[in-house]
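In the working numbering, the protein residues as written are 1 to 307. Even for Gly, the Cβ is constructed at its ideal location relative to N, Cα and C. See below for the structure under consideration.
Written as structure tokens, this is what we have:
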């Protein structure tokens, strides 16, 4: 017993506790070393077996004594000199019967679709018709009625109606012979441009054509057939815009009179705070409907072209 009354463990008890732990640690180390040696032995056995099977498979294929000896490679031949005027790379765009191949027709169609908006704006009546319809809408004080999609669709179909004879001539003179194989692409392009050139020449002022000819630094053409498309197209567009503004000015006059009358009436009655547009808009629409304005404008547009 200690002086404080607590009992202390004897040395024999501590030794009896550490003996099982030490024996357990030795047993664990023996098992670990045994498993490690077994793993190494298994790896060595598997490696030897793989090497033995590989060597056996290599020696299992006997050499056939009747196999012929390898032949010597043939000597390369000298290059042949190309004949003068022949050979080279040639691209044939026509089919076996002389007509263009389907790939070329598809390529031409995609190209025309990509440049169709520019051709529609520059070489047809679309520009003047659309400008006149837009100015009519502004004269009625309706900035968004009808919408641009409706005006563009109406202008497109009116352009197709006006250009129908020209498109028919292009189809009969250029497109059909080219697809039949009786005309080359270059000749078809020249034949197709002739009806368009005739249409634009008939609707272009001489003053605008002379302006573009002087701007290009060229001499005056001797005949209409000598006019180049590079000067005819911008001259045609200038003439179309001028004619569209003239028609728009004529359309604005009656609606302007209505605005003046309504404004004067409101001022005489002292109603200066009331916007004149609110009063004049119904009268403009009524006048446009009574005179059948759309029919008059479309008839004037169609009659202004010489086909």
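Can you list, in chain order, the residues of its chain with a C-beta nearer than 6 Å to that of residue i? Leave out the 5 residues immediately preceding and following it.
i: residue 232; result: 200
i: residue 359; result: Here the chain covers residues 1 to 307 and nothing more, so residue 359 does not appear.
i: residue 26; result: none
i: residue 75; result: none
Do residue i and residue j have their CB atoms nearer than 8 Å?
i: residue 247; j: residue 208; result: no
i: residue 211; j: residue 191; result: no
i: residue 185; j: residue 156; result: no
i: residue 241; j: residue 131; result: yes
i: residue 251; j: residue 139; result: yes
i: residue 274; j: residue 141; result: no
i: residue 298; j: residue 160; result: no
i: residue 311; j: residue 245; result: Residue 311 lies beyond the range of the chain shown here (1 to 307); nothing can be said about it.
i: residue 164; j: residue 204; result: no
Classify residue i as helix, strand or coil using the three-state DSSP reduction.
i: residue 71; result: coil
i: residue 227; result: coil
i: residue 197; result: helix
i: residue 216; result: coil
i: residue 278; result: helix
i: residue 205; result: coil
i: residue 221; result: coil
i: residue 234; result: helix
i: residue 297; result: helix
i: residue 270; result: coil
i: residue 184; result: coil
i: residue 28; result: helix
i: residue 291; result: coil
i: residue 78; result: coil
i: residue 263; result: helix
i: residue 304; result: coil
i: residue 189; result: helix
i: residue 9; result: Note that residue 9 scores 44 on pLDDT, short of 50, meaning its location in the model is unreliable and no value can be drawn from it.
i: residue 86; result: For residue 86, the pLDDT reaches just 49, beneath the cut-off of 50, and the residue's location in the model is therefore unreliable, although a value from the coordinates is still provided. In the structure shown, residue 86 sits in coil (DSSP, three-state: anything other than H, G, I, E or B).
Answer yes or no: does any C-beta atom of chain B fall closer than 8 Å to that of residue i?
i: residue 263; result: Here chain B cannot be found, since the structure has a single protein chain.
Go through its chain and collect everything with a Cβ distance to residue i's Cβ below 7 Å, but skip five positions before and after it.
i: residue 162; result: 125, 302, 305
i: residue 229; result: 193, 197
i: residue 169; result: 195
i: residue 122; result: 233, 237
i: residue 288; result: 140
i: residue 219; result: none
i: residue 223; result: none
What residues in its chain sit with their C-beta under 8 Å from that of residue i, if we drop five residues either side in the sequence?
i: residue 151; result: 130, 133, 134, 137
i: residue 276; result: 259, 262, 263, 266
i: residue 4; result: Here residue 4 scores only 44 on pLDDT, less than 50, and its place in the model should not be relied on; the value that follows carries that caveat. Correct list: empty, nothing qualifies.
i: residue 183; result: 174, 177, 191
i: residue 145; result: 137
Complete beta strand (DSSP E) runs within the segment 121-181 (minimum length 3 residues, chain order): If one requires a minimum length of 3 residues, no beta strand (DSSP E) run lies completely within the segment 121-181.
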